[in-house]
Amino acid sequence: NAGVTQTPKFQVLKTGQSMTLQCAQDMNHEYMSWYRQDPGMGLRLIHYSVGAGITDQGEVPNGYNVSRSTTEDFPLRLLSAAPSQTSVYFCASRDGQGNQPQHFGDGTRLSIL
Amino acid sequence: AQSVAQPEDQVNVAEGNPLTVKCTYSVSGNPYLFWYVQYPNRGLQFLLKYITGDNLVKGSYGFEAEFNKSQTSFHLKKPSALVSDSALYFCAVSRSGGYQKVTFGTGTKLQVIP
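Heads up: the sequence lines are chains A and B, in that order.
Here the first sequence is numbered in this note's numbering, starting from 406 and rising by one per residue.
Here the second sequence is numbered in this note's numbering, starting from -3 and rising by one per residue.
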């Protein structure tokens, strides 16, 4: 099994551009989430989903959009990129409710110039 | 609101010595607690969890953690550190029941010195 797959691995954008970070999991997990990792700040939750058609905001949702049309895919959209969104983005999934660990992808390293 | 504190940005330990990485948490109700490890340019990998039951939980690679409810702590330990244990370690908490969100600490860099 591939687990959680994130594409692209690296991306450079200009301020104001939009893009979509892809996340796919092949474990049939209901719960999926997006985090950003910044030095000294740990992982902060951007958006999450408890199943197809259901999404909700995390701690830092502004400037990001998500949708969940299938169980497998959970794309993250940057609407108008800003330098403050330069970060490493991780997608994660887990089976069932909160007593299960999350499985993480290897991240997308995003630079906004 | 729930939170996790990892008070040490970095922990240095000599190879073969015991190691401890500290974590304290705040959450309403019963906690679910997790430790993850991150190697350079990789995603987080699950080490161990406390859900209920025994306060001492054992996980991957010889790591263990002790849940202390009165001190709201969940420190990660290993009896004998290896150079290959050098990595970034994250503690995480969520509230029990349903699809609760997970809150991560800021991470502790463990450096094992040969």
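Beta carbons are placed, not taken as given, at the ideal position from N, Cα and C, and that holds for glycine.
Note that the structure is a prediction, hence the values are computed from the model and not measured.
For the stretch 31 to 39 of chain B against the stretch 86 to 98 of chain B, do three or more pairs of beta-carbon atoms, one drawn from each stretch, fall closer than 8 Å, so that the two count as touching? yes
Counting only Cβ-Cβ distances shorter than 8 Å, please list the residues of the stretch 89 to 107 of chain B near chain A, keeping chain order. S90, R91, S92, G93, G94, Y95, Q96, K97, V98, T99, F100, G101, T102 and G103
Residues in the stretch 499 to 511 of chain A with C-beta within 9 Å of chain B's C-beta atoms, listed in sequence order? R499, G501, Q502, G503, N504, Q505, P506, Q507, H508, F509, G510 and D511
Quick check on this structure: which residue in L78/B, V79/B and L44/B has the alpha carbon closest to the alpha carbon of K54/B? L44/B
Would you mind stating whether T104/B and G447/A have Cβ atoms separated by less than 8 Å? no
Apart from the five residues on each side of it in sequence, which residues of its chain come closer than 7 Å, Cβ to Cβ, to S485/A? G421 and S423
With a threshold of 8 Å, are at least 3 pairs of Cβ atoms found where one atom belongs to the stretch 501 to 513 of chain A and the other to the stretch 36 to 51 of chain B? yes
To the nearest whole angstrom, what separates the beta carbons of V9/B and H71/B, a pair I think is in contact under 8 Å? Actually they do not touch by this definition, with Cβ atoms about 14 Å apart.
Excluding five sequence neighbours on each side, which residues of the same chain lie with their C-beta closer than 7 Å to the C-beta of T410/A? A429 and G510
For the candidate residues R441/A, D461/A, I459/A and T475/A, whose alpha-carbon lies nearest to that of R514/A? R441/A
With a Cβ-Cβ cutoff of 8 Å, do T491/A and I451/A count as a contact? no
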